[in-house]
Amino acid sequence: MKVLIKNGHIIDPSQGIDGVGDIYIESGKIKEINIKSMEHGARSTGQKPQSSDVRIIDASGLLVVPGLVDMHVHLREPGFEYKETIKTGTMAAIKGGFTTVCCMPNTNPVNDHASVTEFIIRKAKQEGHCTVHPIGAITKGQKGEELAEIGTMKNEGCIAFSDDGQPVMNSAMMRRALEYSKAFKVPVISHSEDLTLSDGGVMNEGLTSVTLGLKGIPAEAEQIMIFRDILLAELTGGRLHIAHVSTAGSVHLVREAKQRGINVTAETCPHYFSITEDAVKGYNTNAKVNPPLRTSRDLEAIKEGLRDGAIDVIATDHAPHHIDEKLKPFDMAPFGISGLETALSLSLQLVREGVLTIKELVEKMTLNPAKILGLDKGFLKPGSEAELVVIDENKEFEVKSERFVSKGKNTPFEGRILKGMPVFTFCKGKLYEW
Amino acid sequence: MLNSKDLLGIKELSKEEIYLFLDTAAGFKDVIGRDIKKVPALRGKTTVNLFFEPSTRTRTSFELAAKRLSTDVINFSVPTSSVVKGESLIDTALTVQALGADFIIIRHSSSGVPHLLGTKIKASVINAGDGTNEHPTQALLDAFTIKEKKGKIEGLEIAVVGDIAHSRVAKSNIYCLIKLGAKVRLIGPPTLIPKEIEDLGVGIFHNMEEGVRGVDVLMMLRIQMERQDKGFFPSTEEYSRNWCLTTDRLSLAKEDAIVMHPGPMNRGIEIVSEIADGPQSVILEQVTNGIAVRMAVMYLLAGVKR
Amino acid sequence: MPKELMNKKDIDRAITRMAHEILEKNKGMEKLCLVGIQRGGVFLAQRLAAKIKQIEKKDIPVGSLDIAFYRDDLNIRKEQPMVRRTEIAFEVTDLKIVLADDVLFTGRSIRAAMDALMDIGRPSLIQLAVLVDRGHRELPVKADYVGKNIPTSTSETVVVQFEEEGLEDRVMLEKPDAGEVKSA
Numbered sequence: 002m003k004v005l006i007k008n009g010h011i012i013d014p015s016q017g018i019d020g021v022g023d024i025y026i027e028s029g030k031i032k033e034i035n036i037k038s039m040e041h042g043a044r045s046t047g048q049k050p051q052s053s054d055v056r057i058i059d060a061s062g063l064l065v066v067p068g069l070v071d072m073h074v075h076l077r078e079p080g081f082e083y084k085e086t087i088k089t090g091t092m093a094a095i096k097g098g099f100t101t102v103c104c105m106p107n108t109n110p111v112n113d114h115a116s117v118t119e120f121i122i123r124k125a126k127q128e129g130h131c132t133v134h135p136i137g138a139i140t141k142g143q144k145g146e147e148l149a150e151i152g153t154m155k156n157e158g159c160i161a162f163s164d165d166g167q168p169v170m171n172s173a174m175m176r177r178a179l180e181y182s183k184a185f186k187v188p189v190i191s192h193s194e195d196l197t198l199s200d201g202g203v204m205n206e207g208l209t210s211v212t213l214g215l216k217g218i219p220a221e222a223e224q225i226m227i228f229r230d231i232l233l234a235e236l237t238g239g240r241l242h243i244a245h246v247s248t249a250g251s252v253h254l255v256r257e258a259k260q261r262g263i264n265v266t267a268e269t270c271p272h273y274f275s276i277t278e279d280a281v282k283g284y285n286t287n288a289k290v291n292p293p294l295r296t297s298r299d300l301e302a303i304k305e306g307l308r309d310g311a312i313d314v315i316a317t318d319h320a321p322h323h324i325d326e327k328l329k330p331f332d333m334a335p336f337g338i339s340g341l342e343t344a345l346s347l348s349l350q351l352v353r354e355g356v357l358t359i360k361e362l363v364e365k366m367t368l369n370p371a372k373i374l375g376l377d378k379g380f381l382k383p384g385s386e387a388e389l390v391v392i393d394e395n396k397e398f399e400v401k402s403e404r405f406v407s408k409g410k411n412t413p414f415e416g417r418i419l420k421g422m423p424v425f426t427f428c429k430g431k432l433y434e435w
Numbered sequence: 086m087l088n089s090k091d092l093l094g095i096k097e098l099s100k101e102e103i104y105l106f107l108d109t110a111a112g113f114k115d116v117i118g119r120d121i122k123k124v125p126a127l128r129g130k131t132t133v134n135l136f137f138e139p140s141t142r143t144r145t146s147f148e149l150a151a152k153r154l155s156t157d158v159i160n161f162s163v164p165t166s167s168v169v170k171g172e173s174l175i176d177t178a179l180t181v182q183a184l185g186a187d188f189i190i191i192r193h194s195s196s197g198v199p200h201l202l203g204t205k206i207k208a209s210v211i212n213a214g215d216g217t218n219e220h221p222t223q224a225l226l227d228a229f230t231i232k233e234k235k236g237k238i239e240g241l242e243i244a245v246v247g248d249i250a251h252s253r254v255a256k257s258n259i260y261c262l263i264k265l266g267a268k269v270r271l272i273g274p275p276t277l278i279p280k281e282i283e284d285l286g287v288g289i290f291h292n293m294e295e296g297v298r299g300v301d302v303l304m305m306l307r308i309q310m311e312r313q314d315k316g317f318f319p320s321t322e323e324y325s326r327n328w329c330l331t332t333d334r335l336s337l338a339k340e341d342a343i344v345m346h347p348g349p350m351n352r353g354i355e356i357v358s359e360i361a362d363g364p365q366s367v368i369l370e371q372v373t374n375g376i377a378v379r380m381a382v383m384y385l386l387a388g389v390k391r
Numbered sequence: 030m031p032k033e034l035m036n037k038k039d040i041d042r043a044i045t046r047m048a049h050e051i052l053e054k055n056k057g058m059e060k061l062c063l064v065g066i067q068r069g070g071v072f073l074a075q076r077l078a079a080k081i082k083q084i085e086k087k088d089i090p091v092g093s094l095d096i097a098f099y100r101d102d103l104n105i106r107k108e109q110p111m112v113r114r115t116e117i118a119f120e121v122t123d124l125k126i127v128l129a130d131d132v133l134f135t136g137r138s139i140r141a142a143m144d145a146l147m148d149i150g151r152p153s154l155i156q157l158a159v160l161v162d163r164g165h166r167e168l169p170v171k172a173d174y175v176g177k178n179i180p181t182s183t184s185e186t187v188v189v190q191f192e193e194e195g196l197e198d199r200v201m202l203e204k205p206d207a208g209e210v211k212s213a
């Protein structure tokens with residue numbers, strides 16, 4: 002198919018592109034990019050479109066950016082297909098503007114073996130709407146006792162390793178993992194949580210948890226493990242990436258480690274800079290997530306961390322669950338928010354509030370995660386695979402989970418009016434539009 | 086006058102609603118004091134006791150209250166029911182409603198269960214204790230007892246002693262007494278009193294002698310043995326030495342101070358028998374008042390239009 | 030504009046006459062007691078008791094009865110009726126009870142009062158004294174002692190005010206479009 006996207010505001014931080022222009026796509030590849038803005042002079046690269054059977058999209062007033070890269074999603078397949086499948090999860094990703102996702106290994110069986118990695122990659126090729134890169138488990142069964150075959154799994158296609166869902170509680174094991182991973186040049190993604198402190202807690206520890214009668218998870222449960230992981234990264238020289246940062250103290254620790262020159266990166270998720278523990282009031286299980294929603298002080302610190310670069314990436318931690326599972330007493334419901342379809346709108350709010358420029362936001366959702374994972378993604382170049390998103394920053398919509406493409410309808414933003422969403426996504430040779 | 090068809094907790098009630106429950110309970114206390122302890126007020130309605138946690142006294146109290154209002158009572162006992170077979174909580178509640186329940190009285194080990202049910206079913210949901218959240222009828226009957234004995238609640242110095250962190254009775258009482266203008270202080274080991282609770286406007290004491298000095302009401306809480314296993318305090322002996330209500334300690338309170346306990350008591354651990362059976366104890370009256378208060382709750386909730 | 034049907038003097042004369050009638054019909058005070066239905070009947074019962082004391086120079090037992098739990102309209106009312114106290118400090122079994130209420134209308138309050146009394150004990154006899162009988166009975170209930178018979182239409186309201194409530198003694202008839210507050 003042939004597509005011409007005209008007069009969009011093209012932003013590609015990897016090449017410093019930021020101007021109004023046209024993009025021409027043919028046979029799934031970008032054929033030409035033509036920037037007209039004064040900033041970079043008139044730039045024309047590649048061949049011009051020839052025939053008249055071209056689909057012309059008028060992108061005036063719209064943003065055109067590289068397809069977003071989500072380095073933290075749970076696709077639930079194999080084993081939990083009732084919650085989500087690779088097919089439905091990648092469709093939700095596309096709807097959210099993501100053309101590359103990295104799926105966590107807490108499936109059933111756990112992705113701790115090349116055979117499971119192979120299954121995921123094969124399924125994604127057959128049924129996935131976007132590119133899927135599996136993240137392998139650090140330890141066998143994610144039990145934290147024995148290293149998984151990191152080298153073999155990397156060969157099969159894993160681009161990073163994590164026991165996400167679980168922390169690696171044993172410090173010696175985490176040290177071993179950071180050291181060993183160096184041979185394969187892969188990052189270790191840490192779900193930092195001291196289980197003895199979180200101890201069955203279900204929301205942030207504080208006055209709200211006391212008055213709701215719910216067991217709390219203190220902020221220190223996250224901070225203690227982040228500090229440990231940072232020190233182990235320093236000790237071993239391994240590449241550490243901290244998943245889903247949620248507290249002010251955690252942001253401070255990461256910032257300070259970077260200042261000391263330690264090779265650590267960090268991500269946060271849209272819910273941590275959009276809502277607080279107040280969302281749990283009324284026992285709303287759709288606001289039950291791990292790490293939990295914190296206080297407004299933490300929320301402000303997360304924004305500050307994004308602003309000053311302490312936090313490199315915005316990822317969704319998309320965690321779909323079946324509706325019956327969330328319709329349980331609060332402490333029995335599983336943790337997780339289905340986030341792919343609301344992430345971009347919530348993140349654009351940061352631009353509207355002046356926390357990030359649009360260029361910085363795009364970086365945090367494309368180039369930065371791609372760099373951390375060593376992926377060849379996050380840019381718009383002629384000759385490359387066409388993976389891009391056209392975004393209408395001003396389009397408003399009401400969050401209605403029943404209309405989610407994901408099987409997971411568990412969102413704490415139900416009924417909210419959000420602003421800014423993808424209107425076209427191009428991936429794997431297909432044009433999706435809403 | 087009531088805002089909701091359900092009684093989920095004291096947190097959801099206004100001061101006016103609390104006083105309505107108490108004033109109505111006075112009328113019902115007249116009824117249970119006479120020979121024929123029954124009135125036809127809720128004749129033909131059906132009450133279901135849905136107790137997921139074992140409880141004899143609360144369940145019996147609700148059962149009596151429901152019967153004295155002339156409702157039909159069904160006790161849904163968990164071990165023999167379909168809940169064990171994996172039926173979800175919501176399904177159980179909807180089934181019970183389909184059987185014609187007008188009142189569902191629920192006790193569950195998870196906080197928030199009555200709130201979950203309240204939105205899904207048309208019957209009136211009465212919280213008989215959910216996790217470590219609330220036990221509102223206990224707080225109402227405690228407030229009724231205090232008001233009866235002391236004439237008022239506003240301005241009284243009231244001490245709540247024991248495992249505040251895990252006690253839904255303590256929480257409901259704290260919310261209730263603060264709403265009614267009492268001065269509340271909590272006494273117990275630091276591991277059993279969450280520090281954030283100070284923000285509600287209560288005093289915190291870890292020393293029993295200091296804490297009981299000059300109080301009008303002492304509310305003793307039951308110490309659960311499981312907490313010792315989890316390391317909240319080293320032994321019941323040590324707990325008792327430091328926080329048991331002995332006659333010496335009681336003498337530091339006001340001369341006409343009253344002693345309360347929601348039951349069942351661990352005699353010798355949180356309270357000595359001389360006090361439990363003594364003249365300052367109102368523990369048995371709490372039990373009697375409990376029936377009147379629960380009748381008032383059911384009577385008033387029945388009048389809230391869906 | 031509500032119409033005044035009885036003023037303070039009218040009420041006092043009626044109560045005096047009713048007190049005499051009660052003593053005449055029951056041949057004295059023996060085993061006799063008064064029970065007023067909350068709330069207006071309580072004041073009437075107390076006044077009748079005072080008159081009887083004046084005449085016989087002896088106290089007659091007086092109690093108050095709340096009928097909220099015995100009403101037959103609990104299911105259809107907008108909200109639950111307010112609950113007041115039932116204070117009957119004496120044993121009612123084998124006593125002659127004169128029930129007192131301010132206004133007799135449909136008769137349903139009296140039926141509820143009788144049910145309540147039966148749950149309290151077994152009186153040997155129940156008679157009924159009302160200050161105003163406004164007709165429109167829906168149940169077979171008849172007053173033994175009536176202060177004044179006032180024919181009304183169902184859309185009208187009879188309002189009885191007592192000094193004990195902090196208002197002037199008065200019986201008024203309010204027409205449907207009258208929405209005025211009680212005058213002190």
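These protein sequence lines are chains V, Y and Z, in that order. Every position in the first sequence, counted from 1, becomes a number in this note's numbering once 1 is added. Every position in the second sequence, counted from 1, becomes a number in this note's numbering once 85 is added. Every position in the third sequence, counted from 1, becomes a number in this note's numbering once 29 is added. Glycine included, every Cβ here is placed at the ideal spot set by N, Cα and C.
query                                                                                                                                                                              : result
When you check each C-beta in the region 263-297 of chain V against every C-beta of chain Y, which residues fall closer than 7 angstroms?                                          : Gly-283 and Tyr-284
Against chain Z, with Cβ distances strictly below 8 angstroms, would Pro-125 (chain Y) count as a contact?                                                                         : yes
Since Phe-120 (chain V) and Ile-151 (chain V) are thought to touch, with beta carbons under 8 angstroms apart, how far apart are those beta carbons, to the nearest angstrom?      : Incorrect: roughly 18 angstroms between the Cβ atoms, too far for contact.
Put Met-143 (chain Z) into one of helix, strand or coil per three-state DSSP.                                                                                                      : helix
Is the distance from the Cβ of Lys-339 (chain Y) to the Cβ of Gly-299 (chain Y) below 8 angstroms?                                                                                 : yes
Could you tell me the boundaries of the alpha helix (DSSP H) in which Tyr-104 (chain Y) lies?                                                                                      : 100-117
Using the DSSP secondary-structure output, state which residues sit across from Tyr-174 (chain Z) in a beta bridge.                                                                : Z:Ala-158
What residues of chain Z sit near Gly-240 (chain Y), judged by a beta carbon separation below 9 angstroms?                                                                         : What Gly-240 (chain Y) touches in chain Z: nothing, since even the nearest Cβ is about 25 angstroms away.
Any heavy atom of the ligand FMN closer than 7 angstroms to the Cβ of Ile-249 (chain Y)?                                                                                           : With respect to the ligand FMN, the structure shown offers nothing to examine, as it has no ligands at all.
Could you tell me the alpha carbon to alpha carbon distance between Leu-155 (chain Z) and Ile-89 (chain Z), rounded to whole angstroms?                                            : Leu is not the amino acid found at residue 155 (chain Z); the sequence shown has Ile there. Using only the alpha carbons, I get a separation of about 16 angstroms.
Going by DSSP, name the residue or residues bridged to Asn-160 (chain Y).                                                                                                          : Y:Asn-134
Measuring straight from C-alpha to C-alpha, what distance separates His-225 (chain Y) and Glu-97 (chain Y)?                                                                        : At residue 225 (chain Y) the sequence reads Leu, which differs from the His that was named. Cα to Cα, Leu-225 (chain Y) sits roughly 13 angstroms from Glu-97 (chain Y).
Classify Met-30 (chain Z): buried if its beta carbon has 16 or more other beta carbons within 10 angstroms, exposed otherwise.                                                     : exposed
Using CA coordinates, which residue listed in V:Ile-392, V:Glu-364 and V:Asp-393 is at the minimum distance from Gly-379 (chain V)?                                                : V:Glu-364
For Thr-426 (chain V), report the span of its alpha helix (DSSP H) as first-last.                                                                                                  : Taken as a continuous stretch (DSSP letters only), Thr-426 (chain V) belongs to no alpha helix (DSSP H), being part of the beta strand (DSSP E) at 418-428.
Between Gln-224 (chain V) and Ser-251 (chain V), is the Cβ-Cβ spacing less than 8 angstroms?                                                                                       : yes
State yes or no: is the C-beta of Asp-332 (chain V) within less than 8 angstroms of the C-beta of Ser-252 (chain Y)?                                                               : no
Using beta-carbon positions only, say whether Tyr-83 (chain V) and His-319 (chain V) come within less than 8 angstroms of one another.                                             : no
Over the uninterrupted alpha helix (DSSP H) stretch that includes Ser-116 (chain V), give me the two end residues.                                                                 : 115-128
Quick check on the burial criterion: 16 or more other C-beta atoms within 10 angstroms. Buried or exposed for Asn-171 (chain V)?                                                   : exposed
Using a Cβ cut-off of 8 angstroms (strictly closer), state whether Leu-328 (chain V) contacts chain Y.                                                                             : yes
For His-193 (chain Y), which residues of its own chain have a beta-carbon under 6 angstroms away from its beta-carbon, when the five flanking residues on both sides are left out? : Phe-137 and Asp-215
Could you check which residue in V:Lys-410, V:Gly-202, V:Glu-221 and V:Ala-222 has the C-alpha nearest to that of Gly-214 (chain V)?                                               : V:Gly-202
Taking C-beta pairs closer than 7 angstroms, name the residues in chain Y that Gly-207 (chain V) reaches, listed in chain order.                                                   : Glu-281
Check whether the region 394-413 of chain V and the region 368-375 of chain V touch, using three or more Cβ-Cβ pairs below 8 angstroms as the test.                                : no
Name the residue from Y:Gly-240, Y:Asp-301 and Y:Thr-109 whose alpha carbon lies nearest to the alpha carbon of Ser-336 (chain Y).                                                 : Y:Asp-301
Would Val-265 (chain V) and Leu-307 (chain V) qualify as a contact pair, given that the criterion is a beta-carbon distance under 8 angstroms?                                     : no
Let me know the secondary structure DSSP gives Asn-156 (chain V) once reduced to three states.                                                                                     : helix
Counting only Cβ-Cβ distances shorter than 8 angstroms, please list the residues of the region 309-337 of chain V near chain Y, keeping chain order.                               : Asp-325, Leu-328, Lys-329, Pro-330, Phe-331, Asp-332 and Met-333
Helix, strand or coil: which one does DSSP assign to His-200 (chain Y)?                                                                                                            : helix
Taking beta-carbon pairs under 8 angstroms, can you tell me which members of the region 112-137 of chain Y lie near chain Z?                                                       : Gly-112, Phe-113, Asp-115, Val-116, Arg-119, Asp-120, Ile-121, Lys-123, Val-124, Pro-125, Ala-126 and Leu-127
Cutting at 7 angstroms between CB atoms, please list the residues of its own chain near Lys-30 (chain V), excluding the five before and the five after it.                         : Gly-384, Ser-385, Glu-386 and Ala-387
Residues of the region 201-221 of chain Y in Cβ contact with chain V at a cutoff of 8 angstroms, in chain order, please.                                                           : Leu-201, Asp-215, Gly-216, Thr-217, Asn-218 and Glu-219
Give the secondary structure of Val-210 (chain Y) by DSSP, where H, G and I count as helix, E and B as strand, and everything else as coil.                                        : strand
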